[in-house]
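In this note's numbering, the protein residues as written are 183 to 326. Glycine included, every Cβ here is placed at the ideal spot set by N, Cα and C.
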Amino acid sequence: MMNQEQIKAIIPHRDPFLLVDEILELDENRVVGLKHVTGQEDFFRGHFPGAPVMPGVLILEAIAQAGAVCILSKPEFRGKLAYFGGMEKVRFRKPVFPGCDLTLQMELTKSRGRIGFGLGKAYVGTQLMAQAEMSFAVMDRPEA
């Protein structure tokens with residue numbers, strides 16, 4: 183549905199910190215994205231040499247980036263930025279290793295103006311790897 187170039191037209195993240203490769207599904211309050219965990223990502227050099235594991239905080243960041251695509255695709259938020267507001271009920275279920283395709287899901291559960299909440303989950307196949315309740319704020323881009 184959406185490749186990485188199209189994603190980059192919506193969110194400001196760039197290599198090496200763009201953690202969404204594709205958007206598979208997108209509607210008003212839900213998004214499904216994909217991160218191909220190749221093992222070539224820079225963070226694997228130090229996490230952990232000889233036993234690489236994707237850092238949990240980067241799994242959460244990948245979920246949030248997919249969520250940002252959903253939020254910033256709305257006509258009223260185009261051209262703006264989405265910032266983390268907070269996270270609750272964070273759970274890491276299983277480690278994510280190189281070679282995995284990480285499916286990223288975000289369902290927006292509540293919003294009021296520029297503030298919103300969502301439930302994010304990451305899967306490898308049907309196995310839940312991580313989940314969190316996230317809040318966000320949509321802001322204008324700073325003047326350059």
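Legend entry - Cα-Cα separation, F259 to T220: For the purposes of this step, residue 259 is taken as residue 77 along the sequence shown, with counting starting at 1. For the purposes of this step, residue 220 is taken as residue 38 along the sequence shown, with counting starting at 1. So the two alpha carbons sit approximately 32 angstroms from each other.
Legend entry - CB-CB length for V320 against R296, believed under 8 angstroms: Walking along the sequence shown from the start, residue 320 turns up at place 138. Walking along the sequence shown from the start, residue 296 turns up at place 114. Rounded, the Cβ-Cβ distance is 4 angstroms, consistent with contact.
Inset, instruction - Would you check if the stretch 240-257 and the stretch 192-206 touch, i.e. whether three or more CB-CB distances between them fall below 8 angstroms? - result: yes
Legend entry - Reduced DSSP secondary structure (H/G/I, E/B, other) of I192: Position 10 of the sequence shown holds residue 192. I192: coil per DSSP, three-state reduction.
Legend entry - CA nearest to the CA of M184, picked from K262, P198, G215 and L200: Locating residue 184 in the sequence shown gives position 2, where the first residue counts as 1. Closest option to M184, Cα to Cα, is G215.
Inset, instruction - Identify, in the order they occur along the chain, each residue of the same chain with its Cβ nearer than 7 angstroms to the Cβ of K292, setting aside the five sequence neighbours on each side. - result: Here residue 292 refers to the residue found at position 110 when the sequence shown is read from its first residue. Result list for K292: G298 and F299, in chain order.
Legend entry - Cβ neighbour criterion (16 or more within 10 Å) applied to Y305: The residue given as residue 305 occupies position 123 in the sequence shown. By the 10 Å Cβ count, Y305 comes out buried.
Inset, instruction - Please work out which residues of its chain come closer than 8 angstroms, Cβ to Cβ, to I241, disregarding the five sequence neighbours upstream and downstream, and give them in chain order. - result: Along the sequence shown, read from residue 1 onward, the residue named residue 241 stands at position 59. Contacts found: F274, V278, L284, A304, M311 and A312.
Legend entry - Selected residue, minimal CA-CA separation from K217, among D322, D203 and Q287: For the purposes of this step, residue 217 is identified with residue 35 of the sequence shown, where counting begins at 1. Ranking the options by Cα distance to K217, first place goes to D203.
Legend entry - Beta-carbon gap between K276 and Q247 smaller than 8 angstroms: In the sequence shown, residue 276 corresponds to position 94, counting from 1. In the sequence shown, residue 247 corresponds to position 65, counting from 1. No, they are not a contact pair.
Inset, instruction - Along the beta strand (DSSP E) that carries V213, what are the first and last residues, could you check? - result: Indexing the sequence shown from 1 puts residue 213 at position 31. Start and end: R212 to H218.
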